[in-house]
Amino acid sequence: MKNILVKLGKRSYDITVCHDSMDKLGKLLKKLNIGTDAVIITNPTIKRLFGKIVEETLLSSGFKVRFETVPDSEKAKSEKYCLKLINNISRFDGTGRRIFIIALGGGVIGDLSGFVASIYKRGVPYVQVPTTLLAQVDSSIGGKVAIDLAVGKNLAGSFYQPRLVFSDVNTLKSLSRNDLTSGMAEVVKYGIIRSPKLFTFLEKNYSKILKGEKKALQSIIYTCCAIKAKVVEKDELDNKGLRVILNLGHTIGHAIETAAHYRKAYSHGQAVALGIIAASSIAEKIGMSDKDTGVRIKKLLRNIGLPVKMKGLKVKDIISAQARDKKFIHGKNRFVLPVKIGKVIIKEDIPMPVIKDSISALFS
Ligand code: GLY
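Per the working numbering, residue 2 is the first one in the sequence shown, and the count goes up by one each step.
Laid out in structure tokens, this is it:
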């Protein structure tokens, strides 16, 4: 069991990265003095897989337990389920209870549960128990929690840090190959933004990781969490321009997801992989990066099984989706660009023909 402390003063918390240790969760929570009554928010699939072990560890540490399930899809991150959860929790709550929330699942569950925790009674404690690679390396850490509105994703949200992030790599055994490779796009992102050592490790060990080897998985998850923790510590509220480096590949990636929305052609991770390739092509075209960096990035993503070419969409649809992105400040575009493995820069006002060329290159 390895711990990383996210240092945020009174809001500091541990990220625990472990394997085969779900049965230890109850004792860890007891030490946190987090409350008496756990509301576990999850979906039916995750409940079937891990509900029993989580319930048992909590009961044996003296907690009362209640499950709340939501659908296994992005639809759960909605006003409807948010209000339903708050109402159900309020009916369960009562004299002598000290409610806390456990988010047991992937990014959707984590974002929804954290948001519910942030608004129920103006805030109750919550814990992230992420069960996907994407959630373990990214969405469970950092305190940005939200639900989607009809107009767009994550539009109602807050900053609300968990009291603990507990990642057991054993939970990843249940992931489909697609979900695992999708999460790997974020792992590659961390290597590019901050760690040549992680990137080289991925180049050498990607097949072990994809086979689910626990030691390799634990090692990469630990490294990614340590990188994210440092970034979040320096820019908790995302107002110092530092967290933005975590968006590498997400500007064009989100535009691809939006343009492909109705056909669900690309998962988040697949779109991010294509976005990273486009960003490295922009960096090359404006002379900020050499060819070798782009070649290594593309080769690693391809080896992992992520897409490095695109089909079925139109360049113009991706460009117009990108122009509506909330990451664009005052109408200016802003990109995170790889300079070399382990170093990125933030560049505004990239000329449109360069962006277009880089997106078009994804089709060839
Ligand atoms: N919850 C994800 C983040 O704060 O970055």
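C-beta: ideal position from N, C-alpha, C; glycine also.
Here the structure is a predicted model, which means the values were calculated and not measured.
- If you measure from each CB to the nearest heavy atom of the ligand GLY, the residues under 6 Å come out as S140, G143, G144 and K145.
- Here the stretch 167 to 184 makes no contact with the stretch 197 to 208; the two share fewer than three CB pairs at distances below 8 Å.
- A direct Cα-Cα distance of roughly 9 Å separates A362 from I278.
- In the DSSP assignment, the residues bridged to C19 are D169.
- When the five nearest sequence neighbours on each side are left out, the beta carbons in the same chain lying within less than 6 Å of the beta carbon of G108 are those of L135, A136 and S140, in order along the chain.
- A39 and R49 have their C-alpha atoms some 18 Å from each other.
- The stretch 249 to 259 makes contact with the stretch 310 to 325; the number of CB pairs closer than 8 Å reaches 3 or more.
- If you compare the alpha carbons of R92, F93, V128 and L84 with that of L105, the shortest gap goes to V128.
- Excluding five sequence positions before and after S119, the CB atoms of its chain that fall closer than 7 Å to its own CB belong to V146, S159 and Y161, given in chain order.
- Beyond the five residues adjoining it in sequence on each side, S282 comes within less than 6 Å, by CB distance, of S359 and A362 in the same chain, given in chain order.
- The alpha-carbon of G63 is positioned some 19 Å away from that of R164.
- The stretch 340 to 349 makes no contact with the stretch 264 to 278, as fewer than three CB pairs between them are under 8 Å.
- Taking D15 as reference, the option from G111, P45, N4 and Y223 with the minimal CA-CA separation is N4.
- For T224, the enclosing alpha helix (DSSP H) starts and ends at K215 to K235.
- Looking at the DSSP output, V337 sits in a beta bridge with I347.
- Around G295, the same chain offers S281 and E285 as residues with beta carbons nearer than 6 Å, after the five sequence neighbours per side are excluded.
- Q219 has its alpha-carbon roughly 15 Å from the corresponding atom of L176.
- Taking 9 Å as the cut-off, the Cβ atoms of G270 and E349 do not count as close.
- Scanning its chain for C-beta atoms nearer than 7 Å, with the 5 sequence neighbours on each side dropped, one finds around K299 the residues I278 and V309, in chain order.
- Taking 8 Å as the upper bound for CB-CB distance, I347 and V233 are not in contact here, some 17 Å apart.
- In this structure the stretch 223 to 238 lies against the stretch 5 to 25, because at least three pairs of beta carbons, one per stretch, are closer than 8 Å.
- By the criterion of a C-beta distance shorter than 6 Å, Y223 is surrounded in its chain by K3 and V18, once the five residues flanking it on both sides are discounted.
- Counting of Cβ neighbours within 10 angstroms places K241 among the exposed residues, the total staying below 16.
- For G106, the secondary structure class from DSSP, reduced to helix, strand or coil, is strand.
- In the structure shown, A39 adopts extended strand secondary structure according to DSSP, grouped into three states.
- Contact between the stretch 23 to 38 and the stretch 88 to 103 is established, with three or more Cβ pairs separated by less than 8 Å.
- Within the model, the alpha-carbon separation for K85 versus K292 is close to 52 Å.
- For the set I351, K317, I305 and K265, the Cα lying nearest the Cα of E75 is the one of K265.
- If you look at T252, you'll find it in the alpha helix (DSSP H) that goes H251 to A260.
- Nearest to T132 by alpha-carbon distance, out of A157, I102 and V170, is V170.
- Annotation for R303: V309 place their beta carbon closer than 6 Å to its own, counting only its chain and skipping 5 residues before and after.
- For P131, the uninterrupted beta strand (DSSP E) segment begins and ends at Y127 to P131.
- Taking the Cβ atoms as the reference, V117 lies roughly 18 Å from I142, outside the contact range of under 8 Å.
- Pairing I54 with S22, the inter-Cα distance amounts to about 10 Å.
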